[in-house]
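Enquirer:
2 protein chains.
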Amino acid sequence: MVEFTVTILGCGSAKPSLRHHTSSQIVTRLGKLYMIDCGEGTQMQLMKYGFHPGQLGNIFISHAHGDHCLGLVGLLSSLSLDKRTTDINLHVPSDFVDILKAQIDFFVTHTEFDIRIHPIECQEPTLIFSDQHFDVTAFPLEHRVPCYGFLFREKAGSRHIIPECIQQYGISRTEIERIRGGGDFTAADGQIIPNEKLTTPPDPVRSYAYLSDTRPVMQYADLLRGVDLLYHDATYCEGDEELACKYDHSTASQAAEFAKVCGAGKLLLGHFSSRYGGEDWLLERALGHFPRIVLANEGLTVKITDKTDTGPVFVEWRR
Amino acid sequence: MVEFTVTILGCGSAKPSLRHHTSSQIVTRLGKLYMIDCGEGTQMQLMKYGFHPGQLGNIFISHAHGDHCLGLVGLLSSLSLDKRTTDINLHVPSDFVDILKAQIDFFVTHTEFDIRIHPIECQEPTLIFSDQHFDVTAFPLEHRVPCYGFLFREKAGSRHIIPECIQQYGISRTEIERIRGGGDFTAADGQIIPNEKLTTPPDPVRSYAYLSDTRPVMQYADLLRGVDLLYHDATYCEGDEELACKYDHSTASQAAEFAKVCGAGKLLLGHFSSRYGGEDWLLERALGHFPRIVLANEGLTVKITDKTDTGPVFVEWRR
Numbered sequence: 001m002v003e004f005t006v007t008i009l010g011c012g013s014a015k016p017s018l019r020h021h022t023s024s025q026i027v028t029r030l031g032k033l034y035m036i037d038c039g040e041g042t043q044m045q046l047m048k049y050g051f052h053p054g055q056l057g058n059i060f061i062s063h064a065h066g067d068h069c070l071g072l073v074g075l076l077s078s079l080s081l082d083k084r085t086t087d088i089n090l091h092v093p094s095d096f097v098d099i100l101k102a103q104i105d106f107f108v109t110h111t112e113f114d115i116r117i118h119p120i121e122c123q124e125p126t127l128i129f130s131d132q133h134f135d136v137t138a139f140p141l142e143h144r145v146p147c148y149g150f151l152f153r154e155k156a157g158s159r160h161i162i163p164e165c166i167q168q169y170g171i172s173r174t175e176i177e178r179i180r181g182g183g184d185f186t187a188a189d190g191q192i193i194p195n196e197k198l199t200t201p202p203d204p205v206r207s208y209a210y211l212s213d214t215r216p217v218m219q220y221a222d223l224l225r226g227v228d229l230l231y232h233d234a235t236y237c238e239g240d241e242e243l244a245c246k247y248d249h250s251t252a253s254q255a256a257e258f259a260k261v262c263g264a265g266k267l268l269l270g271h272f273s274s275r276y277g278g279e280d281w282l283l284e285r286a287l288g289h290f291p292r293i294v295l296a297n298e299g300l301t302v303k304i305t306d307k308t309d310t311g312p313v314f315v316e317w318r319r
Numbered sequence: 001m002v003e004f005t006v007t008i009l010g011c012g013s014a015k016p017s018l019r020h021h022t023s024s025q026i027v028t029r030l031g032k033l034y035m036i037d038c039g040e041g042t043q044m045q046l047m048k049y050g051f052h053p054g055q056l057g058n059i060f061i062s063h064a065h066g067d068h069c070l071g072l073v074g075l076l077s078s079l080s081l082d083k084r085t086t087d088i089n090l091h092v093p094s095d096f097v098d099i100l101k102a103q104i105d106f107f108v109t110h111t112e113f114d115i116r117i118h119p120i121e122c123q124e125p126t127l128i129f130s131d132q133h134f135d136v137t138a139f140p141l142e143h144r145v146p147c148y149g150f151l152f153r154e155k156a157g158s159r160h161i162i163p164e165c166i167q168q169y170g171i172s173r174t175e176i177e178r179i180r181g182g183g184d185f186t187a188a189d190g191q192i193i194p195n196e197k198l199t200t201p202p203d204p205v206r207s208y209a210y211l212s213d214t215r216p217v218m219q220y221a222d223l224l225r226g227v228d229l230l231y232h233d234a235t236y237c238e239g240d241e242e243l244a245c246k247y248d249h250s251t252a253s254q255a256a257e258f259a260k261v262c263g264a265g266k267l268l269l270g271h272f273s274s275r276y277g278g279e280d281w282l283l284e285r286a287l288g289h290f291p292r293i294v295l296a297n298e299g300l301t302v303k304i305t306d307k308t309d310t311g312p313v314f315v316e317w318r319r
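These protein sequences, in sequence, are chains Z and A. Counted the way the numbering used here counts, the first sequence spans residues 1 to 319. Counted the way the numbering used here counts, the second sequence spans residues 1 to 319.
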């Protein structure tokens with residue numbers, strides 16, 4: 001199964017603390033990088049964890065609160081100083097476009113690449129991006145300002161050809177591609193070998209959903225049904241539901257309940273408040289609602305495996 | 001002599017690297033904090049080195065390049081989230097005012113304090129700020145955009161009363177203040193004791209100058225004559241004068257030459273380019289021009305002593 005990971009660059013809420021940077025993460029598939037949110041200091045976090053900013057092609061911003069986007073202008077400025085020539089695409093809520101353009105015009109000068117801004121404005125889940133790796137769907141969350149969740153769904157892969165069949169039937173390279181696409185094979189003696197005898201099914205299509213910042217949004221249980229990894233706002237701890245509701249956030253336990261209702265494979269909790277001095281207590285309470293949870297942390301990489309994998313969440317550290 | 005220090009929060013040039021943050025530093029006198037420049041991530045650096053952002057009252061921005069000011073909006077936003085109620089003063093070049101206001105209006109909401117913006121625009125050295133600790137003079141540097149140096153000059157202190165005299169002549173508390181201001185004392189028997197017999201002179205007035213980013217500016221040798229500590233742009237190494245000139249910066253050796261011409265007490269080199277992979281070579285060459293140099297580094301605090309102190313530069317680390 002090809003590499004599909006998410007790495008946390010920052011998972012603190014509102015303002016940075018000594019424990020956590022503000023929100024940003026990197027989704028990778030087969031070495032291609034996608035950024036979600038870009039809080040202050042994200043470009044330093046990218047370097048710290050060994051990512052090359054030059055490899056970024058698409059940045060998705062959930063909403064225009066500073067802790068999710070104040071690192072964007074500095075990052076773009078550094079890309080310009082690096083003499084980047086490849087265009088970069090920014091997918092941002094439409095209310096962020098004017099001030100973003102004003103900042104770029106002022107701070108990001110002498111670029112040899114285009115900064116393409118793609119405004120997001122939708123009331124229903126909407127496909128906003130597609131390439132050879134992913135379809136990305138945006139859907140409005142419940143927060144103080146226009147705020148969007150993102151669902152990264154892998155493109156369906158090809159069927160896998162059974163290596164022994166290639167030699168057995170003398171299948172050419174050109175034919176292999178056709179067979180991976182589902183075609184049968186006509187052997188030299190005219191015999192037709194059906195595709196099912198030559199191939200095994202493609203890898204399951206995996207998906208990753210990012211929901212921050214938001215109140216619980218049960219209306220998306222169908223959209224996110226069976227998502228393999230769910231990142232969810234866990235600003236507050238169980239017991240602080242009133243505060244969570246007042247400030248348009250969620251408790252870790254509400255996030256866990258949502259993961260259960262969606263039938264998510266695994267849950268990644270983030271956007272932590274500094275008020276609790278740590279996240280152990282959030283986790284303990286949330287585990288009462290859903291078993292497969294990992295706490296986000298700077299430098300943590302989570303491999304996105306198929307949801308049928310009910311083992312422990314596989315993580316590794318980049319530091 | 002009262003505490004008067006400068007602490008480096010960032011001393012890298014153009015874009016952050018794994019070695020250095022972008023420009024920012026804290027000047028302190030008797031516990032009061034002043035910030036000069038505020039590159040991206042400055043609020044995290046403040047926390048890392050144990051400063052409380054709430055104690056900041058005045059921030060001086062040299063120029064509107066991102067590496068000197070992109071941390072300002074995030075810092076202000078955090079001050080607002082901290083429920084600050086004391087006004088804050090931003091001293092910024094006038095060409096930065098419009099975009100700064102636009103960013104503040106968008107990102108820094110629900111403040112319970114005023115953000116007072118004081119535009120700097122001058123062709124000659126001009127006093128831009130004065131309080132009980134300092135007179136701050138701005139002077140235009142030679143850079144691609146309007147850019148100002150800052151000279152922090154301590155307010156003259158009072159004379160020191162000789163402790164033994166207080167008991168000998170029965171001097172009251174009220175009289176002490178008057179005598180520290182220079183007054184004579186009339187004893188109980190009518191005898192007039194001249195001030196010189198009761199006091200020693202005030203501490204020498206110390207000064208700190210910040211010059212970044214700039215080409216060498218020999219025209220300020222008189223203004224900065226005898227400055228106790230000089231922070232100077234040292235983006236390039238001796239031998240790269242052409243590059244330094246082209247991009248409106250200085251070499252470390254040009255900075256050292258300037259320190260010598262000014263008769264500076266000590267020189268603090270900063271705004272390092274990542275091109276050299278380190279600063280040892282810059283220092284070695286610069287020491288050929290001026291003997292008392294320290295390389296800036298994140299977390300380094302330099303105590304500003306009187307220029308008659310020709311010993312080694314006294315520094316300490318906050319980490």
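Glycine residues also receive a C-beta, built at the ideal position from the N, C-alpha and C atoms.
Which bits of chain Z does residue 106 of chain A rub up against, with CB to CB less than 7 angstroms?
Expert: 99
Enquirer: Which residue or residues does DSSP assign as beta-bridge partners of residue 147 of chain Z?
Expert: Z:63
Enquirer: If you run the structure through DSSP and keep just helix, strand and coil, what is residue 83 of chain A?
Expert: coil
Enquirer: Does the distance from the C-beta atom of residue 93 of chain A to that of residue 121 of chain A stay below 9 angstroms?
Expert: yes
Enquirer: At which residue ranges does the stretch 167-249 of chain Z contain complete beta strand (DSSP E) runs of 3 or more residues, listed in the order of the chain?
Expert: 207-211 and 229-233
Enquirer: Identify every run of the alpha helix (DSSP H) within the stretch 24-70 of chain A, keeping only runs that are complete inside it and at least 4 residues long; order them along the chain.
Expert: Entirely contained in the stretch 24-70 of chain A, the alpha helix (DSSP H) runs reaching 4 residues are, in chain order, 42-48 and 66-69.
Enquirer: In whole angstroms, what is the alpha-carbon distance linking residue 2 of chain A and residue 210 of chain A?
Expert: 20 angstroms
Enquirer: Which class does residue 265 of chain Z belong to by DSSP, given the choice of helix, strand or coil?
Expert: coil
Enquirer: Please state whether DSSP places residue 279 of chain Z in a helix, a strand or coil.
Expert: coil
Enquirer: Take every Cβ of the stretch 71-83 of chain A, pair it with every Cβ of the stretch 24-44 of chain A, and state whether three or more of those distances are shorter than 8 angstroms.
Expert: yes
Enquirer: Which value, in whole angstroms, describes the spacing of the CA atoms of residue 127 of chain Z and residue 118 of chain Z?
Expert: 12 angstroms
Enquirer: Could you tell me if residue 78 of chain A is buried or exposed, where buried requires 16 or more neighbouring beta carbons within 10 angstroms of its beta carbon?
Expert: buried
Enquirer: Taking 9 angstroms as the threshold (C-beta atoms), are residue 82 of chain Z and residue 15 of chain A in contact?
Expert: yes
Enquirer: Check the Cβ-Cβ distances between residue 21 of chain Z and every residue of chain A, and say whether any is below 9 angstroms.
Expert: yes
Enquirer: Determine the burial state of residue 10 of chain A: buried for a count of at least 16 other Cβ atoms within 10 Å of its Cβ, exposed for fewer.
Expert: buried
Enquirer: Give every residue of the same chain whose Cβ lies closer than 7 angstroms to the Cβ of residue 85 of chain Z, excluding the five residues on either side of it in the sequence, and list them in chain order.
Expert: 112 and 113
Enquirer: Is the CB of residue 92 of chain Z under 9 angstroms away from at least one CB in chain A?
Expert: no
Enquirer: For the alpha helix (DSSP H) that contains residue 104 of chain A, what are its first and last residues?
Expert: 97-107
Enquirer: Identify whether residue 2 of chain Z lies in helix, strand or coil by the three-state DSSP scheme.
Expert: The answer is coil: DSSP assigns residue 2 of chain Z none of H, G, I, E or B.
Enquirer: According to DSSP, which residues form a beta bridge with residue 274 of chain A?
Expert: In DSSP, residue 274 of chain A forms no bridge with anything.
Enquirer: Could you tell me which chain Z residues have their CB closer than 7 angstroms to the CB of residue 66 of chain A, listed as they occur along the chain?
Expert: 73, 74, 77 and 107
Enquirer: If you count every other CB in all the chains shown that lies within 10 Å of the CB of residue 61 of chain A, and 16 or more means buried, which is it?
Expert: Flag for residue 61 of chain A reads buried.
Enquirer: Quick one, are the C-beta atoms of residue 327 of chain A and residue 238 of chain A less than 9 angstroms apart?
Expert: Because chain A spans 1 through 319 in this model, residue 327 of chain A falls outside it and cannot be assessed.
Enquirer: Would the beta-carbon of residue 160 of chain Z fall within 9 angstroms of that of residue 186 of chain Z?
Expert: Not a contact, by the Cβ cut-off of 9 angstroms.
Enquirer: Around the C-beta of residue 218 of chain Z, are 16 or more other C-beta atoms found within 10 angstroms, so that it is buried, or is it exposed?
Expert: exposed
Enquirer: May I ask you to verify whether the stretch 290-300 of chain Z touches the stretch 259-278 of chain Z, counting CB pairs closer than 8 angstroms and requiring at least 3?
Expert: Contact between the stretch 290-300 of chain Z and the stretch 259-278 of chain Z is present, with at least three C-beta pairs closer than 8 angstroms.
Enquirer: Any beta carbon of chain Z sitting closer than 9 angstroms to that of residue 82 of chain A?
Expert: yes
Enquirer: Thinking residue 165 of chain Z and residue 63 of chain Z are a contact (beta carbons under 8 angstroms), I'd like their distance in whole angstroms, please.
Expert: In fact, because the Cβ distance is near 51 angstroms, the residues do not count as touching under 8 angstroms.
Enquirer: In angstroms with no decimal places, state the Cα-to-Cα distance between residue 87 of chain A and residue 22 of chain Z.
Expert: So the alpha carbons of these two residues sit roughly 25 angstroms apart.
Enquirer: Run the CB neighbour count on residue 202 of chain Z, radius 10 Å, all protein chains shown included, and call it buried at 16 or more, exposed below.
Expert: exposed
Enquirer: What's the call for residue 30 of chain A, buried or exposed, on a 16-neighbour Cβ count within 10 Å?
Expert: Exposed, since its Cβ has fewer than 16 Cβ neighbours within 10 Å.
Enquirer: What are the residues of the stretch 7-21 of chain Z that lie near chain A, defined by any Cβ-Cβ distance shorter than 8 angstroms?
Expert: 14, 15, 16, 17, 18 and 21
Enquirer: Is residue 299 of chain Z closer than 9 angstroms to residue 36 of chain Z when the C-beta atoms are compared?
Expert: no
Enquirer: Could you please give the first and the last residue of the uninterrupted beta strand (DSSP E) stretch that includes residue 137 of chain A?
Expert: Taken as a continuous stretch (DSSP letters only), the beta strand (DSSP E) holding residue 137 of chain A covers 134-140.
Enquirer: Could you work out which residues of chain A lie near residue 47 of chain Z, taking near to mean beta carbons separated by less than 9 angstroms?
Expert: 16, 17 and 18
Enquirer: Do you know how far the Cα of residue 101 of chain Z is from the Cα of residue 115 of chain Z?
Expert: 10 angstroms
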